[in-house]
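Participant:
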Amino acid sequence: MRLAGLVPALLLAGLASAAGAQDPVIALARGEVLLKVDAEGEFLVRPDMMSVSAGVVTTGRTAKEALAANSALANRLIAAVRASGVEPRDVQTAELAVNPQFARDKGAENDGEDSIRRIIGYVARNRLTIRLRDLRRAADIVDGLFQAGANEVGGPYFGVQDRMPALKGARRAAVTEARAQADDYAEALGMRIARVLRVSERDNSVQDDGTIIVTGSRVRPAPIEPGEISVTTHVWIDYAMVPR
2 MRLAGLVPAL LLAGLASAAG AQDPVIALAR GEVLLKVDAE GEFLVRPDMM SVSAGVVTTG
62 RTAKEALAAN SALANRLIAA VRASGVEPRD VQTAELAVNP QFARDKGAEN DGEDSIRRII
122 GYVARNRLTI RLRDLRRAAD IVDGLFQAGA NEVGGPYFGV QDRMPALKGA RRAAVTEARA
182 QADDYAEALG MRIARVLRVS ERDNSVQDDG TIIVTGSRVR PAPIEPGEIS VTTHVWIDYA
242 MVPR
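So the number in my numbering is just where the residue sits in the sequence shown, counting from 1, plus 1.
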């Protein structure tokens, strides 16, 4: 577990009425000092799911020809995914596009400054996002995608099916870090923490840096190691400090 804190800000307040003028939400008692702490907590967890993107790219002289060839391959890809036991809810079309290919001819006029774009063909792309809930079968399923004709594969992108336990750990870590910061500032000022005034969670996220992108039609089965991913949350906590 790794903790990271950010720089807090101190706001001095003398009387409750003066504090109310500075921040109408927070009312400080006489002699209290407002301390705002910004902290981050992290919890490392082993992923239990992953997703990959798999697609087929084809070309043709016309848009219809490119799309027809693409649809044939895409149907093979979908059939292979279903045959591998992936549930329908875990398969989603992420992209379907047909775009022209251009050749650039330099214009004879204007000393070649202008160019005319000429269509020489079309490119069709169909890409699926596939979520895998059994990581033990991930390498075989990815290999099956290539066997079915996928020529674009991106990933893996690891995650957890239930974020709440990891998020709970990250929140506890953030609160612990915030209190450690608050105690440090209070001690440096010859004060102590009297009470918590306000807590606000800014954001939380799951971070996965293990992205691999593969292109090609023939790739040997590759081992896939999930490792650990980081679940983080970011909190602001306002404390009231009083003299020792």
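We put the beta carbon where it would ideally sit given N, CA and C, even for glycine.
Among E226, R77 and A69, which one has its Cα closest to the Cα of G160?
Facilitator: Ranking E226, R77 and A69 by Cα distance to G160 puts E226 first.
Participant: List the residues that DSSP assigns as beta-bridge partners of A189.
Facilitator: None, per the DSSP bridge assignment.
Participant: Between which residues of its own chain and R47 is the CB-CB distance below 6 Å, once the five residues before and five after are set aside?
Facilitator: Answer for R47: E229, listed in chain order.
Participant: May I have the straight-line CA-CA distance separating F103 from A125, to the nearest angstrom?
Facilitator: Going from the Cα of F103 to the Cα of A125 covers about 14 Å.
Participant: How would you label P101, buried or exposed, when you count the other beta carbons within 10 angstroms and need 16 or more for buried?
Facilitator: By the neighbour-count rule (16 or more Cβ atoms within 10 Å), P101 is not buried but exposed.
Participant: Once you ignore the five residues that flank G61 on each side, which residues in its own chain have a CB closer than 8 Å to its CB?
Facilitator: Answer for G61: A67, L68, A69, A70, G122, Y123 and A125, listed in chain order.
Participant: Quick one: residues in its chain with C-beta nearer than 7 Å to the C-beta of A78, no 5 flanking neighbours on either side, listed in chain order?
Facilitator: Note that residue 78 is Leu in the sequence shown here, rather than Ala. If we look at L78 and ignore the five residues flanking it on each side, its Cβ neighbours are A55, V57, L129, L146, A149, G150 and A151.
Participant: The beta strand (DSSP E) with L36 in it runs from where to where?
Facilitator: Looking at the DSSP string, the run of the beta strand (DSSP E) that includes L36 is V34 to V46.
Participant: Can you tell which of D135, A183, R137 and S231 has the C-alpha that lies nearest to the C-alpha of P166?
Facilitator: Closest option to P166, Cα to Cα, is S231.
Participant: Which residue's Cα is closest to the Cα of R105: A181, L97, R118 and R31?
Facilitator: Ranking the options by Cα distance to R105, first place goes to R118.
Participant: From D204 to K65, what does the alpha carbon distance come to, in whole angstroms?
Facilitator: Answer to the nearest angstrom: the Cα atoms are 46 Å apart.
Participant: Can you round the beta-carbon distance between T177 and Q208 to whole angstroms, since I take them to be within the 8 Å contact cut?
Facilitator: Not really, about 20 Å apart at Cβ, beyond 8 Å.
Participant: Have a look at G42 and P89 and give me their C-alpha separation to the nearest angstrom.
Facilitator: Their Cα atoms are separated by approximately 36 Å.
Participant: Can you tell me the Cβ-Cβ gap for V38 and I238, rounded? I've got them flagged as a contact below 8 Å.
Facilitator: About 5 Å separates the two Cβ atoms, so the contact holds.
Participant: Please confirm whether T59 and L74 have their CB atoms less than 9 Å apart.
Facilitator: Taking 9 Å as the Cβ cut-off, T59 and L74 qualify as a contacting pair.
Participant: Excluding the 5 residues flanking G217 on each side, which residues of the same chain have their C-beta closer than 6 Å to its C-beta?
Facilitator: Because the pLDDT at G217 is just 40, under 50, the model does not fix this residue reliably, and the point stays unresolved.
Participant: Are L36 and A187 touching if we call contact CB-CB under 9 Å?
Facilitator: Yes, they are a contact pair.
Participant: Can you name, in chain order, every residue of its own chain whose Cβ lies under 8 Å from the Cβ of E96, other than the five neighbours on each side?
Facilitator: The residues are G56, R126, N127 and R128.
Participant: Can you pull the DSSP bridge partners for R119?
Facilitator: Answer is A104, bridged to R119.
Participant: Just to confirm before moving on: does the CB-CB distance between D141 and S85 stay below 9 Å?
Facilitator: Yes, the Cβ-Cβ distance between D141 and S85 is below 9 Å.
Participant: Excluding the five sequence neighbours on either side, which residues of its own chain have a C-beta within less than 7 Å of the C-beta of R245, listed in chain order?
Facilitator: Around R245: G191, M192 and R193.
Participant: Whole-angstrom Cβ separation of L133 and S52, contact assumed at under 8 Å?
Facilitator: Right, the Cβ-Cβ distance comes to about 7 Å (below 8 Å), so this counts as a contact.
Participant: Among R172, R196 and A171, which has the Cα closest to the Cα of A183?
Facilitator: Measuring from the Cα of A183, the nearest candidate turns out to be R196.
Participant: Can you tell me whether S85 is helix, strand or coil according to DSSP?
Facilitator: DSSP places S85 in coil when its eight states are reduced to three.
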